[in-house]
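Here is the structure we will look at.
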Amino acid sequence: MTSSIDYTERIPNNVDLSSDRRLQRALESWQPKFLQWWSEMGPALPTQDVYLRTAVSVGREGWAHFDHVALPEYRWGIFLSERDPDRRIAFGEHKGEPVWQQVPGEYRADLQRLIVIQGDTEPASVEQQRHLGMTAPSLYDLRNLFQVNVEEGRHLWAMVYLLHAYFGRTGREEAEALLHRNSGSDDSPRILGAFNEETPDWLSFYMFTYFTDRDGKYQLGTLKESAFDPLSRTCQFMLKEEAHHMFVGTTGVDRVVERTAQIMREHDTADVRAFGGIPLEIVQKYINFHYSVSLDLFGSETSTNVANYFTAGLKGRWQEERRKDDHVLAEAVATVTQVEDGRIVEAETPALVALNNDLRGEYIADCQNGVTRWNRILEDAGIDHRLRLPHVGFHREVGAFAGHHVTPDGRVVTAQEWDARKGDWLPTDDDRAYVASLMQPVYEPGKIAAWVAPPKQGINGRPFDYEYVHLA
Ligand SMILES: [Fe+2]
Ligand SMILES: [Fe+2]
5 MTSSIDYTER IPNNVDLSSD RRLQRALESW QPKFLQWWSE MGPALPTQDV YLRTAVSVGR
65 EGWAHFDHVA LPEYRWGIFL SERDPDRRIA FGEHKGEPVW QQVPGEYRAD LQRLIVIQGD
125 TEPASVEQQR HLGMTAPSLY DLRNLFQVNV EEGRHLWAMV YLLHAYFGRT GREEAEALLH
185 RNSGSDDSPR ILGAFNEETP DWLSFYMFTY FTDRDGKYQL GTLKESAFDP LSRTCQFMLK
245 EEAHHMFVGT TGVDRVVERT AQIMREHDTA DVRAFGGIPL EIVQKYINFH YSVSLDLFGS
305 ETSTNVANYF TAGLKGRWQE ERRKDDHVLA EAVATVTQVE DGRIVEAETP ALVALNNDLR
365 GEYIADCQNG VTRWNRILED AGIDHRLRLP HVGFHREVGA FAGHHVTPDG RVVTAQEWDA
425 RKGDWLPTDD DRAYVASLMQ PVYEPGKIAA WVAPPKQGIN GRPFDYEYVH LA
């Protein structure tokens, strides 16, 4: 097992792929199908090249190299973090045993399922973002979009490698299916709801990369703990790439809020529409929407499947090793929030079955950091308005709140009240149409659309007016 990446191969990798001819051939026959998918479902805007980062090693320092690359020639490959020969299982009934380099027969189906579900989200977001290049607010943003897209493509490669290398024929079939399902398709949609929603405009894109990519971070964080070492190492490296996606979301929303605040001050009005800004009220509705559909991705509050995954060692908790408990949880209890007789109550449950809820709690705390940051921008601009995360039960379709109508401030209301008020809480057709009307492309270096502030800095030390993308 080497850690430097071999770029002389058709499939760049650091897993010594050429030593396993069968696996290499199988992946080389999947490669043209991936490229076909990319050309049909990947970025629709024609470009000559894009200033992208590519992994050159997986080590702590200097893993990324930046250069202008033609998108279809991006070197998608298979990169796993360095192997720790002493790594031991950190939780569950196998705690303390050496981690697995092969898939134990009894966990084969479950592990394959976990990998397929993760793998399905990666190309889905590329599909959802396919048309965004047509309306990019700047070349800097356009470049970031494409960086996210190529890396999600690479994350698909990461999961396909595991399926091919460790799951035999059924793994290869699942790898094919990952290209056949498509976001929003009637016949064969993506597996999870949020990945079938559209990402129609750039405010949605920033919200998606803030809230939905962050779900990805937390899911990868649990798989990084897996006793199945190749999965753990794969996810460790994916998390490094993922950090940039969340940066795009965090700073994207920063810049929208900053620009709106600027217009509000300049013109002394909250109605920024007349000046081409996005009202804070609409920003709030987008937060409400993207946050709530992302909360659904964590699954039901209680789940025996997830308890079994944990006990078996397949999927741990967020930062498992930093937790101060026995890592087995046979006796532990947790509280979950649910609805009883029309009221929101806290209920005690065995901690093992509440692990989705545990992960969602970590995620919620992290999401709050963004809101705090955006509010600081408002405060610094002398604006009293504050953004907030809605109640955990708001607009949920999965788990304990599904079928209930919960307001952003956590009141359970009737279907009539919900229908009458939901336009105050979620983007309406008018809101979306207004945001869509602002989405005019700005492709001139150094220029930016009027609804968003420029970034504080460029990419890799380049200035904002750098030619990050050459259009075709
Ligand atoms: Fe990803
Ligand atoms: Fe991502």
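Add 4 to the 1-based position in the sequence shown for this note's numbering, that's all there is to it.
We treat Cβ as the ideally placed atom computed from N, Cα and C, and that holds for glycine.
Check whether the Cβ atoms of serine 236 and leucine 318 lie closer than 7 Å to each other.
-> no
By Cβ distance, which residues of its chain are closer than 8 Å to alanine 338, with the 5 residues on each side in sequence left out?
-> The beta carbon of alanine 338 is closer than 8 Å to those of Glu352, Thr353, Pro354, Ala355, Ala358, Asn361, Asp362 in its chain, skipping five residues each way along the sequence.
Own chain partners of proline 50 with C-beta closer than 8 Å, once the 5 adjacent residues on each side are dropped | Leu475, Ala476
How far does the beta strand (DSSP E) with leucine 333 in it reach, from first residue to last?
-> That residue, leucine 333, is in no beta strand (DSSP E); it is neither H nor E in DSSP.
Check whether lysine 289 and leucine 430 have beta carbons under 7 Å apart = yes
Secondary structure of tryptophan 42, DSSP reduced to three states = helix
Where DSSP assigns a beta bridge to asparagine 17, which residues make up the other side?
-> Asp10, Ile82
Can you tell which of Gln116, Thr254, Val297, Phe83 has the C-alpha that lies nearest to the C-alpha of glycine 403?
-> Val297
Take the Cβ of glycine 132 as the centre, count every other Cβ of all protein chains shown within 10 Å, and call the residue buried at 16 or more, exposed below.
-> The question names glycine, but residue 132 in the sequence shown is glutamine. Per the 10 Å Cβ criterion, buried.
Mind checking whether the beta-carbon of histidine 248 lies closer than 6 Å to any heavy atom of ligand 1?
-> no
Would methionine 5 be called buried (16 or more neighbouring beta carbons within 10 Å of its own) or exposed?
-> Any reading at methionine 5 needs caution, since the residue's pLDDT is 43, under 50, leaving its predicted position unreliable; the model's value is listed next. Result: exposed.
What distance in whole Å lies between the Cβ atoms of valine 343 and histidine 408, which are believed to be in contact at a cut-off of 8 Å?
-> Confirmed, about 5 Å.
Three-state secondary structure (DSSP) at glutamate 131?
-> helix
Measure how close the beta-carbons of phenylalanine 171 and glutamine 122 come, nearest whole angstrom, since I'm counting them as under 8 Å.
-> No, phenylalanine 171 and glutamine 122 are not in contact; Cβ-Cβ is about 14 Å, not under 8 Å.
Where arginine 347 sits in the DSSP three-state scheme = strand
Is alanine 198 buried or exposed, if buried means 16 or more other CB atoms sit within 10 Å of its CB?
-> buried
Three-state class that DSSP yields for glutamine 342 in the structure shown | strand
Comparing the CB of glycine 317 with every heavy atom of ligand 4, is any distance shorter than 6 Å?
-> Ligands displayed in this structure: ligand 1 and ligand 2; ligand 4 is not among them.
Cβ shell of glutamate 202 (< 7 Å), same chain only, five flanking positions each side left out | Gln132, Gly188
Roughly how far, in whole angstroms, is the beta-carbon of threonine 341 from the beta-carbon of valine 396, given that I think they are within contact range, below 8 Å?
-> 6 Å
Using only the heavy atoms of ligand 2, determine whether one of them is closer than 6 Å to the beta carbon of glycine 46.
-> no
DSSP three-state assignment for glutamate 352, whether helix, strand or coil = strand
Relative to the C-alpha of tryptophan 455, which residue among Leu442, Leu39, His72 is closest?
-> Leu442
Hey, is glycine 220 close to ligand 2, as in C-beta under 6 Å from one of its heavy atoms?
-> yes
8 Å contact criterion, which tryptophan 67 and glycine 157 should meet: CB distance rounded = That pair is no contact at about 18 Å.
Between which two residues does the beta strand (DSSP E) harbouring threonine 51 extend?
-> 51 to 59
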